[in-house]
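Numbering follows UniProt numbering, in which position 274 of the sequence shown is assigned residue number 274; successive positions increment by one, without gaps. Glycine included, C-beta positions come from ideal geometry on N, C-alpha and C. One structure is given below, encoded as structure tokens.
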Amino acid sequence: MTPPSFTPSSHALLGLAPRPPEAVSIAFVVPMQGPTGIYGPGCLACGELAAEELNAGGGIAGRPVELVAVDAGRPPAEVAAEVTRLVELGRVDAIAGWHISAVRQAITARVGGRSLYAFAAMHEGGDDTPGVFMIGERPVNQLLPAAAWMRANHGVSRWAVVGNDYVFPRVTGSTARAALRGSLSEVVSETYVPLGTRDFAGVLRGLEGGEQDGVIMLLMGQDAVHFNRQFAAAGLSSSLTRLSPAVEENTLLAGGAGANANVFAAAAYFDGLTTPESAGLADRYYRRFGEYAPSLNAVGESCYESLMFLRQVGDACGSLEVEPALRLAERHTYSSPRGLMRMHGNLVDQDVYIAAADGLRFEIQEQIAYAS
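Here's what the structure looks like:
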């Protein structure tokens, strides 16, 4: 019997449904509250679609798939404690989903090396924890080529970084500063605020009259919404370009069209991407959930990617055990809605695009990185 797509996990694991016999059970760790909760509906929809498609096609390594939903919008230690108990009780075989790097680090500190882990989000760079596969975009194929494109096409070369205060924004900001030093572009300032910041008045005062002609936004979810609204209200949209590796269609919708002028984003997937691979997923997604479904954006689609990646591991290795997965061939390739995906150790190269906000949608401008 095919198990249901989702089993909700209680915070104390009390009342958790028994594990379906023979199922591959995956802790599906996605935000359902807090600043990144804006991404939750799309993550859950894409996870449900992936699970349904996997089960219709024979599951993973011949076993049906069950997702155990874990709320990643809570403090990292709470999320890690729940995932750890699922792993230690033998309730799940693997971990997947989109969540911030601080949550990933908390999880790997507790269960690193014991479970295969498909981390879907864009990220700051390598994580050498055995069994962790970083399948999202990273600065070398996302933010850095986007900055070069912005200089070549819009003359933006002096960047102020504004980000949340945790590992991904800080390491990405430092990477950009070091990579651009000595080039025709540079980072002239970095400002980091706590996740959950609602008032950006002080940050905006620092930008007024500054040396920058663009802002690299490393703000997540609702924080980016608040920043964009206040940025536009302060009259900065016409003089400063904003570039982000994290802003997606939900952020545009929540901010309102008036907040989105002169906003650019770099990602491996956008709602409206028209490649043959992406078109098939979009058709299936909107047929399954309807025209009012959450936008099929880079965050939600990355959750779909994480589950399909586990199928790749199962097909190649015959199981989701950590040790066989570590022996996956360097430069193993596979096809996905993002196009060609090429592994380099536990990292994945992929095509990346830059897009400009047009009201509540993104219009893709150009491909800026290629799976190599």
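Through-space distance from residue j to residue i, alpha-carbon basis
i: S372; j: A148; result: 19 Å
i: Q99; j: G182; result: It is His, not Gln, that sits at residue 99 in the sequence shown. Taking the straight line from one Cα to the other gives about 34 Å.
i: M32; j: A69; result: 10 Å
i: L143; j: I216; result: 9 Å
i: Y353; j: P21; result: 42 Å
i: V313; j: G339; result: 18 Å
i: A12; j: P245; result: Because A12 sits at a pLDDT of 43, beneath the cut-off of 50, its placement in the model cannot be relied upon, and the following sentence gives the value as read from the coordinates. Going from the Cα of A12 to the Cα of P245 covers about 35 Å.
i: A17; j: S25; result: 12 Å
i: G59; j: D315; result: 10 Å
i: N346; j: A118; result: 10 Å
i: Y304; j: S157; result: 35 Å
i: A201; j: S185; result: 27 Å
i: S45; j: Y285; result: The identity of residue 45 in the sequence shown is Ala, whereas the question assumes Ser. Distance between the alpha carbons of A45 and Y285: 8 Å.
i: M341; j: V193; result: 34 Å
i: T197; j: N228; result: 12 Å
i: A355; j: E366; result: 7 Å
i: S295; j: R287; result: 13 Å
i: A210; j: V187; result: One point to set straight first is that residue 210 is Gly, not Ala, in the sequence displayed. The alpha-carbon atoms of G210 and V187 are separated by roughly 12 Å.
i: N260; j: S319; result: 45 Å
i: L360; j: E249; result: 7 Å
i: F231; j: Y166; result: 22 Å
i: R19; j: F270; result: 35 Å
i: T275; j: L89; result: 42 Å
i: S115; j: V348; result: 19 Å
i: Q212; j: G206; result: 11 Å
i: A72; j: A96; result: 11 Å
i: G62; j: H154; result: 51 Å
i: P75; j: T36; result: 12 Å
i: S189; j: V247; result: 20 Å
i: F362; j: F133; result: 29 Å
i: V87; j: G272; result: 37 Å
i: Y370; j: R151; result: 19 Å
i: A357; j: C43; result: 22 Å
i: E78; j: D199; result: 26 Å
i: F289; j: G34; result: 24 Å
i: G214; j: A325; result: 42 Å
i: S278; j: C317; result: 26 Å
Sheet register partners of residue i (DSSP bridge)
i: N164; result: V193
i: D349; result: R342
i: E363; result: A356
i: Y117; result: I95 and V132
i: W159; result: V187 and G214
i: Y334; result: M341
i: I60; result: R63
i: A176; result: Beta-bridge pairing links A176 to no other residue.
i: A147; result: DSSP, once it has assigned bridges, lists no residue as partnering A147.
i: A369; result: V352
Proximity test, residue i beta-carbon vs the ligand SAH heavy atom, cut-off 6 Å
i: R91; result: What this structure holds is no ligand at all, so the ligand SAH is not there to describe.
Of the listed residues the options, nearest to residue i (C-alpha basis)
i: V92; options: H154, A23 and F309; result: A23
i: A81; options: S335, M150, D213 and A27; result: A27
i: G163; options: G209, I107, R242 and A232; result: R242
i: V108; options: A96, H123 and T129; result: Here residue 108 is Thr; the residue named in the question, Val, does not match the sequence. That would be T129, whose Cα lies nearest to the Cα of T108.
i: F168; options: A146, G136 and G155; result: G136
i: T7; options: L240, V247 and E66; result: E66
i: N297; options: V187, D213, A282 and R311; result: A282
i: G113; options: V322, D349 and L360; result: V322
i: T191; options: G62, S336 and V203; result: V203
i: Q350; options: A357, S335, E363 and F362; result: S335
i: R138; options: A357, L89, F362 and H344; result: H344
i: T84; options: V29, E124, G62 and F309; result: V29
i: residue 405; options: D127, W159 and L86; result: No statement about residue 405 is possible, as the shown extent of the chain runs from 1 to 372 and does not include it.
i: R170; options: E124, N141 and A179; result: E124
i: A56; options: R311, A179, E277 and L240; result: R311
i: E301; options: D199, R177 and P337; result: P337
i: P64; options: V225, A179, L307 and L195; result: L307
i: A176; options: D199, F362 and A146; result: A146
i: L240; options: G290, S278 and V161; result: V161
i: I38; options: T172, H226 and G173; result: H226
i: V140; options: V79, M122, G131 and G40; result: M122
i: I120; options: P324, S174, G47 and E208; result: Note that residue 120 is Ala in the sequence shown here, rather than Ile. When only C-alpha atoms are compared, the closest one is G47.
i: A94; options: Q105, G131, G280 and A179; result: G131
Chain D within 7 Å of residue i, Cβ atoms only
i: Q350; result: You won't find chain D in this structure, because it holds only one protein chain.
Given 8 Å, three or more beta-carbon pairs between the region 237 to 257 and the region 217 to 224: yes
Segment contact flag, the region 228 to 240 with the region 265 to 281, C-beta cutoff 8 Å, min 3 pairs: no
Whole alpha helix (DSSP H) elements within the region 187 to 250, 4-residue minimum: 201 to 207 and 221 to 233
Contained alpha helix (DSSP H) runs [length at least 4] in the region 255 to 327, N- to C-terminal order: 276 to 289, 298 to 317 and 322 to 326
Given 8 Å, three or more beta-carbon pairs between the region 314 to 331 and the region 43 to 55: no
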